[in-house]
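Residue numbers (full-length UniProt numbering), protein chains in the order written: chain E, 1 to 110; chain S, 1 to 110.
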């Protein structure tokens, strides 16, 4: 639990992706820029992300509402990053926009 | 993309978890049993999962509908696994049930 979530409903963008190792020139800088810019967008709540040993990443980005997701998707710098991602960096990705209806958790008492 | 998803709407269960390394006795066997049993449940569609180098796992389980999720949550063997998980294996977990409203993807042409 890397951030404090609000009570549902809120939104999740589930991103499963794999980089194409053939040409990652410029990727790290763009990834960092998008992370910084993305965090500053209205409605952004937080993220969970894991990358396995084969470079496959699973990330969930959380937002207050669907409008915030659409606004970020259409952000000019983000559109350019998406274009370069498809042309150069990603082998594949799959993205789902989902409305979180229920949430619960557990933390061991120390 | 480890499985073929249907057209939305369908459901996602987003699970962010960390094991407690102190006592993992029995965990691997139970984890495998739950994966086998879980795959056989009505409405189960597939999963995406990544584990980072620190034992933090991010898994998304996909289901046809919310009723399938609730039925699996209440399955007697799964209830017992959940109880042992809280008592023995997990340091923490956070679970969200979300309705996938939109989905799209990209795959590089070879």
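The C-beta atom is built at its ideal place from N, Cα and C for all residues, glycine as well.
Keep in mind it's a predicted model, so treat the numbers as computed, not measured.
message: Give me the subset of the stretch 1-31 of chain S whose CB atoms are less than 7 Å from a CB atom of chain E, sorted by chain position.
response: For the stretch 1-31 of chain S, which is checked against every Cβ of chain E, the residues closer than 7 Å are 1, 12, 14, 16 and 20.
message: Strictly by DSSP, which residues pair up with residue 99 of chain E?
response: In the first chain, counting from the first residue as 1, residue 99 of chain E sits at position 99. Answer is E:11 and S:99.
query: Of all Cβ atoms in chain E, is any one closer than 8 Å to the Cβ of residue 81 of chain S?
result: What you label residue 81 of chain S is simply residue 81 of the second chain in a count that begins at 1. It does not; no Cβ of chain E falls within 8 Å.
- prompt: Short check: CB of residue 63 of chain S to CB of residue 44 of chain S, under 8 Å?
  reply: Residue 63 of chain S sits at position 63 when you count from the first residue of the second chain. Residue 44 of chain S sits at position 44 when you count from the first residue of the second chain. Yes. Within cutoff.
- request: Give the DSSP-derived three-state secondary structure of residue 59 of chain E in the structure shown.
  value: Numbered from 1 along the first chain, position 59 holds the residue referred to as residue 59 of chain E. Strand at residue 59 of chain E.
- request: Just mark residue 53 of chain S as buried or exposed, buried being the case when its beta carbon has 16 or more other beta carbons within 10 Å.
  value: For this step, residue 53 of chain S is matched to residue 53 along the second chain. An exposed status is given to residue 53 of chain S, since fewer than 16 other beta-carbon atoms sit within 10 Å of its beta-carbon.
message: Using 8 Å as the threshold, is the C-beta distance between residue 77 of chain S and residue 37 of chain S below it?
response: Within the second chain, residue 77 of chain S is the residue found at index 77, counting from 1. Within the second chain, residue 37 of chain S is the residue found at index 37, counting from 1. Cβ atoms of residue 77 of chain S and residue 37 of chain S: closer than 8 Å.
task: Give the DSSP bridge partners of residue 50 of chain S, in chain order.
output: Counting from 1 along the second chain, the entry for residue 50 of chain S is found at position 50. DSSP lists S:58 as partners of residue 50 of chain S.
query: Quick one: which chain E residues come within Cβ less than 8 Å of residue 103 of chain S?
result: Within the second chain, residue 103 of chain S is the residue found at index 103, counting from 1. In chain order: 94, 95, 96 and 97.
query: Between the Cα of residue 34 of chain E and the Cα atoms of E:7, E:74, E:106 and E:51, which residue gives the shortest distance?
result: To locate residue 34 of chain E, count along the first chain from 1; it is residue 34. The option with the nearest alpha carbon to residue 34 of chain E is E:74.
field: residue 9 of chain S and residue 70 of chain S closer than 8 Å at C-beta
entry: Counted from its first residue, the second chain places residue 9 of chain S at position 9. Counted from its first residue, the second chain places residue 70 of chain S at position 70. Cβ distance not < 8 Å, so residue 9 of chain S and residue 70 of chain S don't count as in contact.
task: Please determine, among E:106, E:57, E:86 and E:110, the residue with the shortest C-alpha to C-alpha distance to residue 23 of chain E.
output: Within the first chain, residue 23 of chain E is the residue found at index 23, counting from 1. The shortest Cα separation from residue 23 of chain E among E:106, E:57, E:86 and E:110 belongs to E:86.
message: Strictly under 8 Å for the Cβ-Cβ distance: is residue 64 of chain S near chain E by that measure?
response: As a position in the second chain, residue 64 of chain S is number 64, starting the count at 1. Answer no: the Cβ-Cβ gap between residue 64 of chain S and chain E never drops below 8 Å.
DSSP beta-bridge partners of residue 107 of chain E: The residue given as residue 107 of chain E occupies position 107 in the first chain. DSSP lists S:92 as partners of residue 107 of chain E.
- request: Determine the chain E residues that contact residue 90 of chain S at a beta-carbon separation under 8 Å, and present them in chain order.
  value: As a working note, residue 90 of chain S is residue 90 in the second chain. Correct list: 106 and 108.
- request: Check the Cβ-Cβ distances between residue 48 of chain S and every residue of chain E, and say whether any is below 8 Å.
  value: For the purposes of this step, residue 48 of chain S is taken as the residue at position 48 of the second chain. Yes, its Cβ sits closer than 8 Å to a Cβ of chain E.
query: DSSP state of residue 16 of chain S, grouped into three classes?
result: The count along the second chain starts at 1 and reaches residue 16 of chain S at position 16. Here residue 16 of chain S sits in strand by DSSP.
query: Which residues of chain S have a Cβ atom closer than 8 Å to the Cβ of residue 111 of chain E, listed in chain order?
result: Here chain E covers residues 1 to 110 and nothing more, so residue 111 of chain E does not appear.
task: Mind listing the chain S neighbours of residue 84 of chain E? Cutoff is C-beta to C-beta under 9 Å, in chain order.
output: If you number the first chain from 1, residue 84 of chain E lands on position 84. Neighbours of residue 84 of chain E on chain S: none; closest Cβ ~12 Å, over 9 Å.
- prompt: So the alpha helix (DSSP H) residue 41 of chain E belongs to, where does it begin and stop?
  reply: The count along the first chain starts at 1 and reaches residue 41 of chain E at position 41. No alpha helix (DSSP H) holds residue 41 of chain E; DSSP gives it neither H nor E.
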